[in-house]
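S.K.: Quick one: the structure is below, questions incoming.
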Amino acid sequence: MKRASGWLFCAVLLTLAAGHAAFAQSAAPDPLAAADSYVNAPHNWQWWFPAAGSPMQAQIDWLMKYVLWIMAGVVGFVGLLMAYVMIRFNHKANKVPSQLTHNTLVEVIWLVVPTILLAIIIGPSLSLIWYEGDDSNPYMTVTVTGHQWYWEYNYQSVPGLDYTSYMIPDNELQPGQIRRLSVDHPLVLPVGEKIKFDITSSDVLHGFYLPSLGVQKYAIPGSIQNSWTLITKPGTYYGECNQICGLNHDAMPIEIKAVPMADYLAWIKVAQANYTENSLAPNLISSPPPVGQFAELTK
Ligand SMILES: [Cu+2]
1 MKRASGWLFC AVLLTLAAGH AAFAQSAAPD PLAAADSYVN APHNWQWWFP
51 AAGSPMQAQI DWLMKYVLWI MAGVVGFVGL LMAYVMIRFN HKANKVPSQL
101 THNTLVEVIW LVVPTILLAI IIGPSLSLIW YEGDDSNPYM TVTVTGHQWY
151 WEYNYQSVPG LDYTSYMIPD NELQPGQIRR LSVDHPLVLP VGEKIKFDIT
201 SSDVLHGFYL PSLGVQKYAI PGSIQNSWTL ITKPGTYYGE CNQICGLNHD
251 AMPIEIKAVP MADYLAWIKV AQANYTENSL APNLISSPPP VGQFAELTK
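Residue numbers (the working numbering): 1 to 299.
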């Protein structure tokens, strides 16, 4: 009897050990792990733009510096000219002022030089506006809906994949999460592909603002604004709602996990199993779209 119970004990131990090993092996790798390798988040005392995570932001950054240097030249030149005039031609230094009123050469110069400056600014500006507006042939489109006070992401190419994204409250932050920026369910995107955003709102004006990706669009109820991005490097990118949208306007950050295509496809499977069956969207009906309210008013 004693011997039998000993064997039974051994068998139970072995089963448990085997079960544990099997569980450890079957635990799938986290498809979003690649996004942890690089975190593009704002930091204290930041002065400049964030590091560009997309070609669009790289171009915005370039144009900003290009115009800034031209402007610095103009401000420097005008400043020096004014200092010279104030010193050389003040009342003490120049007792008898000149009666000169016209000088054709000077007038031609101050017309032509600013015209040339405007022309060299407008060229790259127009080309950037054109580039930003070209959302043709995206790999995929995500409908982004602003709500008071969270975001909703709908993957148009994945049937049923529609989930909400809430900020993690300060008292529930886990190690590695960023206060006021980390969310419960981030937007997951593949790197190296053109992603189009259809941006709208269900209630009031919100702003879909991703500084490191060069995206900034109003989320307007009853209308769809388009933008796009192409994230070049796997990583975690952050944004915020930047339209004052009510009490918790500061509590609807955007967190993007950009991962290689294979990881993105693996995540889609996990997301389809979790996000499309369990409703993560809490009572969306309680916040009727203003289109409906407008229809009520005009009855
Ligand atoms: Cu908002």
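All C-beta atoms, glycine included, are put in the ideal place defined by N, C-alpha and C.
#1: Return yes when at least one heavy atom of ligand 1 lies under 6 Å from the C-beta of H206, else no.
#2: Is T104 helix, strand or coil when you go by DSSP?
#3: Report yes if the C-beta distance between E255 and Y275 is below 7 Å; otherwise report no.
#4: For T232, name the three-state secondary structure that DSSP assigns.
#5: What I want to know is whether the C-beta of M252 ends up closer than 6 Å to one or more non-hydrogen atoms of ligand 1.
#6: Considering only the beta carbon of each residue, do T141 and K196 sit closer than 7 Å?
#7: When the Cα of H206 is compared with those of G146, Y153, I224, S157, which residue comes out closest?
#8: Going by DSSP, what residues sit across from T200 in a beta bridge?
#9: Any heavy atom of ligand 1 inside 6 Å of the beta-carbon of G146?
#10: In this structure, how does DSSP classify Q59 when only helix, strand and coil are distinguished?
#11: Measure the alpha-carbon distance for A17 versus P29 and round it to whole angstroms.
#12: Using only alpha-carbon positions, find the residue among N40, E107, L105, M86 that is nearest to P97.
#13: Let me know the secondary structure DSSP gives N226 once reduced to three states.
#14: Does the Cβ-Cβ distance between L164 and Y150 come in under 7 Å?
#15: Do you know offhand how far F49's Cα is from S182's?
#16: Going by C-alpha distance, which of S223, A251, I199 is nearest V215?
#17: S201 to V113, Cα distance in whole Å?
#18: In the DSSP output, what is M140 paired with across the bridge?
#19: Would the C-beta of H249 count as close to ligand 1, meaning under 6 Å from any of its heavy atoms?
#20: Is there at least one non-hydrogen atom of ligand 2 closer than 6 Å to the beta-carbon of K269?
#21: Can you find at least 3 beta carbon pairs, one from the stretch 166-182 and one from the stretch 262-269, that sit closer than 8 Å?
#22: Which residues in the same chain have their Cβ closer than 7 Å to the Cβ of I168, if we skip the five residues on either side of it in sequence?
#23: Which of the three DSSP states, helix, strand or coil, is assigned to Q174?
#24: Can you name, in chain order, every residue of its own chain whose Cβ lies under 7 Å from the Cβ of Y166, other than the five neighbours on each side?
#25: Over the uninterrupted alpha helix (DSSP H) stretch that includes A258, give me the two end residues.
#26: Could you check which residue in V108, M64, K233, L161 has the C-alpha nearest to that of I268?
#27: So for Y131, helix, strand or coil by DSSP?
#28: In or out: M56 buried (at least 16 other Cβ within 10 Å) or exposed?
#29: Is it true that the stretch 117-128 meets the stretch 36-50, where meeting means three or more beta-carbon pairs spaced less than 8 Å apart?
#30: Use the C-beta contact count for K95: other C-beta atoms within 10 angstroms, 16 or more gives buried, fewer gives exposed.
#31: Only counting the same chain, and skipping five residues up and downstream in sequence, which positions put a Cβ closer than 8 Å to that of N137?
M.R.: In terms of the structure at hand:
#1: yes
#2: Taken through DSSP and simplified to helix, strand or coil, T104 comes out as helix.
#3: No, they are not a contact pair.
#4: coil
#5: Distances taken from the Cβ of M252 to the heavy atoms of ligand 1 include one shorter than 6 Å.
#6: yes
#7: G146
#8: Looking at the DSSP output, T200 sits in a beta bridge with T145.
#9: yes
#10: It is helical.
#11: Annotation note: pLDDT 48 at A17 (below 50); position unreliable, no value reported.
#12: Looking at the Cα atoms, M86 is the closest of the given residues.
#13: In the structure shown, N226 sits in a strand (DSSP, three-state: E or B).
#14: The sequence shown places Thr at residue 164, rather than the Leu named in the question. Closer than 7 Å, so yes.
#15: So the alpha carbons of these two residues sit roughly 20 Å apart.
#16: I199
#17: 46 Å
#18: I195
#19: Yes, the beta carbon of H249 sits closer than 6 Å to at least one heavy atom of ligand 1.
#20: Only ligand 1 can be found as ligands here, which leaves ligand 2 out of the picture.
#21: no
#22: Q177, S182, V183, D184
#23: coil
#24: Excluding positions up to five away in sequence, the list reads Y150, V183, D184.
#25: Element bounds for A258: not the alpha helix (DSSP H) but the beta strand (DSSP E), 253-259.
#26: L161
#27: Here DSSP, grouped into helix, strand and coil, assigns Y131 to helix.
#28: Buried is the call here.
#29: no
#30: exposed
#31: K194
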